[in-house]
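A.B. asks:
Residue numbers (the numbering used here), protein chains in the order written: chain A, 1 to 383; chain B, 1001 to 1383.
1) Give the DSSP bridge partners of residue 1220 (chain B), in chain order.
2) Counting only C-beta atoms, is residue 1250 (chain B) closer than 9 Å to chain A at any point?
3) Between residue 1059 (chain B) and chain A, is there a C-beta pair that is closer than 9 Å?
4) Out of B:1213, B:1127, B:1323, which one is the CA nearest neighbour of residue 1175 (chain B)?
5) Checking the sheet assignment: what are the DSSP bridge partners for residue 108 (chain A)?
6) Name the residues in the segment 1065-1088 of chain B whose C-beta lies less than 7 Å from a C-beta of chain A; which are they?
7) Anyone know if the C-beta pair for residue 1054 (chain B) and residue 1123 (chain B) falls short of 9 Å?
8) Can you grab the Cα-Cα spacing for the pair residue 338 (chain A) / residue 1274 (chain B), in whole Å?
9) What does residue 1021 (chain B) reach in chain A if we use C-beta pairs closer than 8 Å?
10) So, is the C-beta of residue 1104 (chain B) closer than 9 Å to a C-beta in chain A?
11) Going straight from the alpha carbon of residue 1045 (chain B) to that of residue 9 (chain A), what length do you get?
12) What residue range does the beta strand (DSSP E) around residue 1380 (chain B) cover?
13) Could you tell me which residues DSSP pairs with residue 1189 (chain B) in its beta bridges?
14) State yes or no: is the C-beta of residue 148 (chain A) within less than 9 Å of the C-beta of residue 305 (chain A)?
15) Can you check whether the C-beta of residue 1127 (chain B) is within less than 9 Å of a C-beta belonging to chain A?
16) From residue 1381 (chain B) to residue 1360 (chain B), what does the alpha carbon distance come to, in whole angstroms?
17) What does the Cβ neighbour count give for residue 1075 (chain B), buried or exposed, with the cut at 16 atoms within 10 Å?
18) Taking residue 299 (chain A) as the reference, which of A:92, A:104, A:253, A:319 has the closest Cα?
19) Please compile the residues from chain B whose C-beta is within a distance smaller than 7 Å of the C-beta of residue 56 (chain A).
20) Comparing the C-beta of residue 1260 (chain B) with each C-beta of chain A, is any distance below 9 Å?
21) Quick check: the segment 84-99 of chain A against the segment 368-379 of chain A, are there 3 or more CB pairs under 8 Å?
22) What ranges does the beta strand (DSSP E) occupy inside the segment 21-97 of chain A, keeping only unbroken runs of at least 3 residues that lie completely in it?
23) Considering just the uninterrupted stretch of the alpha helix (DSSP H) at residue 306 (chain A), what are its terminal residues?
24) Please tell me whether residue 1100 (chain B) has its Cβ less than 9 Å away from any Cβ of chain A.
25) What is the DSSP secondary structure of residue 136 (chain A), reduced to helix, strand or coil?
26) Residues in its own chain within less than 8 Å of residue 372 (chain A) by CB, not counting five upstream and five downstream?
27) Please list, in chain order, the chain A residues whose beta carbon lies closer than 7 Å to that of residue 1369 (chain B).
28) Pull up the DSSP beta-bridge partners for residue 1278 (chain B), would you.
29) For residue 231 (chain A) and residue 1211 (chain B), I'd like the C-alpha separation in whole angstroms.
30) Is there a Cβ from chain B that is less than 9 Å from the Cβ of residue 239 (chain A)?
31) Buried or exposed: where does residue 1353 (chain B) fall if 16 or more other Cβ atoms within 10 Å of its Cβ makes it buried?
32) Is it a yes or a no for the segment 1019-1038 of chain B touching the segment 1187-1206 of chain B, going by three-plus beta-carbon pairs under 8 Å?
33) To the nearest angstrom, how far is the alpha carbon of residue 130 (chain A) from that of residue 263 (chain A)?
34) For residue 95 (chain A), would you say it is in contact with chain B, using Cβ-to-Cβ distances shorter than 9 Å as the test?
35) Start and end of the beta strand (DSSP E) containing residue 182 (chain A)?
36) Shorter than 9 Å from the beta carbon of residue 1051 (chain B) to some beta carbon of chain A?
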């Protein structure tokens, strides 16, 4: 498997873009990535998207975007793994370049979520869960996460305010990120007094949806002249049962454990070597569970990393350095590509006051469903 | 790029399976392919599907099926390219195995289309077209193909009955295939007197939808002990504009031309070397256009192959030898995998009275939208 490098990145601001179509949002990020890479053409296009069939009545986003951005005749395809679609598309593009069958790929994650009524989007998001055995019972996607958070608090003795640092850190870091949806510093008081969504998840535990797209151009490493050269050191994916109730231990993200372990082996690193970690904080509980399953904290101790101030850009395990899903925003099928793009920004040293000093190894972890599909990627600056 | 072989295949009968769920239909084909391959586990799962998010309110089919068929913890993902989803999933799985990152992949195409009302499915199928510029005008998917057929008849001087041989051949061949949806021999009279769907497309120009799934297990060629060894000699994908009206020449399938040309080069063959061709006869007009763009007929002369009796299993260019989309049925996201499976059956010599004598090289071509995404695969028996 030949080595692959990331040559260019692009992203759009996450927002309610009522003045821009799915086409325009995706095209903006895709063309920005190609411009950043200094290329006018690529061999192939991989699009990560979850809800366009429902929210935009549009399928076949591969051909759709190849047409729009002028990649005429080129191969193009869509990859879907619920909220893990972005990283799943990245991995598919990676396999194509690594196999030697194509010499370059543009990978984009895109979502246009705000043209439909809220209840339609809630239903669309629920397609990530098990239609027959979960959604049929009336449980929403946030409801499933609320059950996990409640159980975690009960099991390990944490109170709701103990999750505040994840949200506070994400909001603080987003202040520096012009592409973030929310620019609002928050305190423990903001966190604790916000509206309830699904007990115990309140507004500041939950990430906001939004319209957005992020993209990257990848090529074989030996063809990447640009310095510093950002390498894809590892890529791994794993699954768990789609229904949460089928898991022996719902508080352990099995697929995060398996995919991160594979990724560490492939990259030849340990969690200690990871300088920055863009995790999937769709809800604060998911941040805690990701840290635990990926080897950064003991079982039930993920929240302690926040309380001990270890997760800031100056801490031992910096997470959500550009705002995370919580404050940058969570355009579901695009999120995985925002994470990849943000790790590249860190490794290039472009993150201003939230720059992790001397970051050389970064990890991105993207989650589909309540932990059913998890992809872990490790990027590094060539040493 | 290392060589890949197809170790096992499986499929379900295409029908209105009101007694079986999406899970059960997909699982049946997947487990049959693993049993045929003689394996109990694979490293990765690739699922081709188009309309489950709408028709079954279910996304994340990778994890969904990995869970159901017992591929616990394994990587799994869904690939979508409208009616080209099956072959797109096959190509994604192929890249993963070819790259060396995984040692085996199960690829399945699956669709459960008959649980929703007809108008819902018509709307779901229209997501293959351009939502902003085609569907917005009220045109349905069959409507777009009707415009193409009308123009073709006008441009090249054919009458409707000239398309009959495609439908007659498909129906005759399906008689031998227990997995086909329709088992009914037809004549020119049946064809000409059937109900109109969208002028000039009538009932026997159009393929029936259905519930179905088809699957294959692929491994590196050097690990495939089974004889005869079926190799994937070529895989290529290309796109065209998503909206038909954007094409300079709507009667030429640019993406079929590009992908078949690439495939011929990769396999080191010409159209003359292809013993059997499973083409995408969603409508009879598509059969004609595929034959022309893929080098089997001159422009405007695709229908002549049918009239000259060249497309039967005993002809010069055997097509739809198991019934094609027309009579085997067209469970949209599954069709590409049925085509792959049927080529394997031909190369193994398992096709009874529709067996192409001494078939050693077979081609499958899967189309998404009205020609927007086209994938061409060439399989061969190791010589």
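For every residue, glycine included, the Cβ atom is placed at its ideal position computed from N, Cα and C. Here the structure is a predicted model, which is why all the values come from computation and not from measurement.
C.D. replies: Reading off the structure:
1) Paired residues: B:1004.
2) no
3) Against chain A, the CB of residue 1059 (chain B) has a partner CB under 9 Å away; the residue lies at that interface.
4) B:1323
5) A:47, A:215
6) If the cut-off is 7 Å between Cβ atoms, the segment 1065-1088 of chain B has 1066, 1067, 1073, 1074, 1075, 1076, 1077, 1078, 1079, 1080, 1081, 1082, 1088 near chain A.
7) yes
8) 45 Å
9) 132
10) no
11) Cα to Cα, residue 1045 (chain B) sits roughly 29 Å from residue 9 (chain A).
12) 1373-1381
13) DSSP output for residue 1189 (chain B) lists no bridge partner at all.
14) no
15) yes
16) Cα to Cα, the separation comes out at about 5 Å.
17) buried
18) A:253
19) Here the neighbours are 1131.
20) no
21) yes
22) 44-48, 75-80
23) 302-307
24) yes
25) helix
26) 82, 128, 239, 240, 241, 242, 255
27) 60, 63
28) B:1364
29) 43 Å
30) yes
31) exposed
32) no
33) 28 Å
34) Output row for residue 95 (chain A): interface = yes.
35) Residue 182 (chain A) -> no beta strand (DSSP E), and no H or E assigned at all.
36) yes
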